[in-house]
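Numbering (my numbering), first residue to last: 1 to 134.
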């Protein structure tokens, strides 16, 4: 059993929306893993339109791959392994984690490329509109 502390950040346009988003993450974790303890911080207004809060969760995972999947899919801002002091993993488990990381990086790179292309196209269109060359 691997006991882990995870911290997730939440930002939204209302304190309620931030709480709901963090509660959804908690509910997802509770469906699959044993959540021992959690705390959702009181949302604070950080800009004129945004609120911020956090979710701190202590949970247990059977496998290192489970911890890794949460890190890759839910992107916590902090992961602290509380127990055990040492983790032994098979070569296959480490390979699976690394291949999942590669997959995530490739997906993110495709998204960034697509957004960059869209930004360039919008800038060109804006330039055409502003110069009357539409």
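Ideal Cβ placement from N, Cα and C applies to all residues, glycine included. Please read all numbers here as calculations on a predicted model, not as lab measurements.
{"Item": "Can at least three beta-carbon pairs, one atom from the region 44 to 59 and one from the region 6 to 13, be found at a separation below 8 Å?", "Value": "yes"}
{"Item": "Count the other C-beta atoms from every protein chain shown that fall within 10 angstroms of the C-beta of residue 19, then say buried if there are 16 or more, exposed otherwise.", "Value": "buried"}
{"Item": "Starting from the C-beta of residue 78, find all residues in its chain whose C-beta is less than 6 Å away, skip the five residues before and the five after it, and write them out in chain order.", "Value": "7"}
{"Item": "Do three or more CB pairs link the region 37 to 45 to the region 54 to 73 at distances below 8 Å?", "Value": "yes"}
{"Item": "Classify residue 102: buried if its beta carbon has 16 or more other beta carbons within 10 angstroms, exposed otherwise.", "Value": "exposed"}
{"Item": "Contact between the region 120 to 132 and the region 88 to 102: three or more CB pairs below 8 Å?", "Value": "no"}
{"Item": "Have a look at residue 131 and residue 119 and give me their C-alpha separation to the nearest angstrom.", "Value": "18 Å"}
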